[in-house]
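Notes to accompany the following structure.
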């Protein structure tokens with residue numbers, strides 16, 4: 293739907309042209325607005341998007357040429373059509389040179405103006421299809437590649453994607469490391485910033501650390517960095533030979549090569565940048581499906597540390613050699629999954645929520661036994677997730693029976709994980725029912741307020757823009773919401789209400805004049821009201837009155 297604004301200092305011309313294009317609006321997909329001055333037109337443009345302006349040239353205050361100049365500077369995609377008299381021809385030529393779409397002589401009648409507006413509509417569609425949009429999108433895509441690469445890697449390390457994307461998707465990201473093959477992981481950390489560096493300065497120093505590593509490793513391996521915290525990062529390292537056989541043959545020597553050069557990185561960053569750093573080097577290459585588990589292990593080891601904990605350099609071998617706990621169950625991964633469950637529940641994806649909840653609880657039971665503290669955390673993470681969701685949408689105690697609440701927060705009352713699953717599913721169903729009820733109620737309140745306003749202001753401004761400002765919604769969104777709730781468009785509802793009210797007034801008192809009835813139901817032009825009434829009732833207003841009363 294495009295928006296057309298008519299601008300002329302003569303109200304009768306504005307009304308006439310608005311009526312003309314309102315009749316054509318369904319065919320041309322137009323919303324039509326009118327304005328008596330350039331300043332009022334600019335006020336409209338500050339409130340809503342205007343696609344096409346039809347404006348007179350000679351007007352008091354700002355003239356049409358001045359209006360066009362402001363529009364060109366602020367809304368360059370808006371098309372301007374000038375209505376001009378013969379004496380304005382020199383102005384029209386100037387306007388066309390400044391980017392106007394068209395001009396129409398006032399003496400030529402309606403048809404040339406309608407054709408000019410149609411051309412403007414077609415030009416807007418062509419502009420939207422123009423290849424420059426795609427070229428601009430390509431440039432923006434290339435500029436956003438680092439962000440997209442980081443997002444993919446973080447999804448991998450957080451276990452959000454169980455398998456790598458397709459080869460085509462990976463190639464589009466132009467990553468120096470092939471995630472479909474195996475790679476080594478190195479976790480790095482700045483132990484302390486020896487000066488009060490600003491955020492940008494810290495970023496530059498981290499780039500410098502990355503450049504040192506790249507310089508030392510580049511002749512034998514490809515390196516890629518992903519920042520995971522303000523002072524912590526991961527390097528993905530892969531040999532330049534991509535063939536699997538060559539990879540296996542070079543694995544031991546490459547691991548030693550990586551370890552030796554990471555030690556050099558640690559020394560250089562301390563000497564050159566005055567940055568004490570710690571590193572953990574993965575001793576064996578991993579694949580995508582083990583990335584999240586390995587990431588959690590590296591995080592845990594970096595957090596635990598060894599000795600003084602500064603400038604640590606550790607090779608990650610079998611965990612039990614260092615006396616660290618080993619488990620196929622990762623609490624970090626579990627916490628992330630609970631966050632995903634929360635998102636699914638709040639967005640109303642109930643079936644997916646149920647499926648992932650069952651899968652998550654199955655992973656818990658499949659890796660038991662857990663320590664008592666781990667079991668408690670698992671249980672109460674899920675319980676708190678549910679209560680947090682309920683609180684955020686305002687579910688009060690009346691909606692959450694105290695028995696259920698007490699049972700949920702007394703773990704000993706549940707004898708098995710299957711009972712916990714059943715309780716969480718029951719909670720989720722109640723949550724979604726409440727949320728649907730709340731959404732329906734809110735929608736009903738908005739649409740009912742629009743109904744009430746329209747019924748009490750039939751003679752006033754009932755444009756979709758004005759109505760949307762009353763309920764603080766986007767005009768297009770309000771239109772969809774109203775039709776979804778009422779089963780008819782706002783335009784149809786207003787039109788039918790005005791016609792029904794007009795019929796009542798016609799029969800209420802035979803002495804009420806037709807033009808007074810027209811004004812009472814929101815039509816400034818009696819002739820336009822007559823045309824619309826005849827379209828709705830099949831008879832002109834006076835004919836309808838005479839037929840029914842007689």
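Numbering (our numbering), first residue to last: 293 to 842.
Just so you know, even glycine gets a beta-carbon here, dropped at the ideal spot from N, CA and C.
Note that the structure is predicted; figures quoted are calculated from it, not measured.
With contacts defined by Cβ atoms closer than 8 Å, residue 584 and residue 450 form a contacting pair. Sixteen is the threshold: since fewer than 16 other Cβ atoms of the shown chains lie within 10 Å of the Cβ of residue 596, the residue is exposed.
Excluding its 5 nearest sequence neighbours in each direction, residue 797 has C-beta neighbours in its own chain below 7 Å: 804, 809, 812, listed in chain order. Here the C-alpha atom of residue 729 lies approximately 41 Å from the C-alpha atom of residue 581. In this chain, residue 457 is not harboured by any beta strand (DSSP E), its DSSP state being neither H nor E.
DSSP, reduced to helix, strand and coil, places residue 516 within a strand of the structure shown. A distance of 8 Å or more separates the beta carbons of residue 456 and residue 514. For residue 762, same chain residues with a beta-carbon under 8 Å away, outside a window of 5 residues either side, are 741, 742, 745 in chain order. The beta-carbon separation of residue 573 and residue 550, rounded to 6 Å, stays under the 8 Å limit for a contact. Its chain contains 402 as the residues whose beta carbon lies nearer than 7 Å to that of residue 312, once the 5 sequence neighbours on both sides are disregarded; these appear in chain order. If you draw a straight line from the Cα of residue 627 to the Cα of residue 650, it is about 15 Å long.
Between the stretch 322-334 and the stretch 295-303, the count of C-beta pairs closer than 8 Å reaches three or more; the two stretches touch.
Counting along the chain, residue 647 sits inside the alpha helix (DSSP H) bounded by residues 642-658. Spanning the alpha carbons of residue 532 and residue 473 requires a straight line of approximately 12 Å.
By the beta-carbon neighbour count (other beta carbons within 10 angstroms, threshold 16), residue 588 is buried. Here the C-alpha atom of residue 339 lies approximately 15 Å from the C-alpha atom of residue 345.
Taking the Cα of residue 556 as reference, the smallest distance to any Cα among 603, 828, 493 is reached at 603. The alpha-carbon separation between residue 756 and residue 771 amounts to approximately 8 Å. Taking all protein chains in view, the Cβ of residue 476 is crowded by 16 or more other Cβ atoms within 10 Å, so the residue is classified as buried.
With a cutoff of 8 Å on beta-carbon distance, residue 479 and residue 526 are scored as near each other. Ranked by how close their Cα comes to the Cα of residue 545, the residues 562, 571, 512 have 512 in first place. Sixteen is the threshold: when 16 or more other Cβ atoms of the shown chains lie within 10 Å of the Cβ of residue 348, as they do, the residue is buried. Distance from the CA atom of residue 667 to the CA atom of residue 719, rounded to whole angstroms, is 21 Å. In the three-state reduction of the DSSP assignment, residue 480 falls in the strand class, which pools E and B.
The C-alpha of residue 840 lies about 48 Å from the C-alpha of residue 371.
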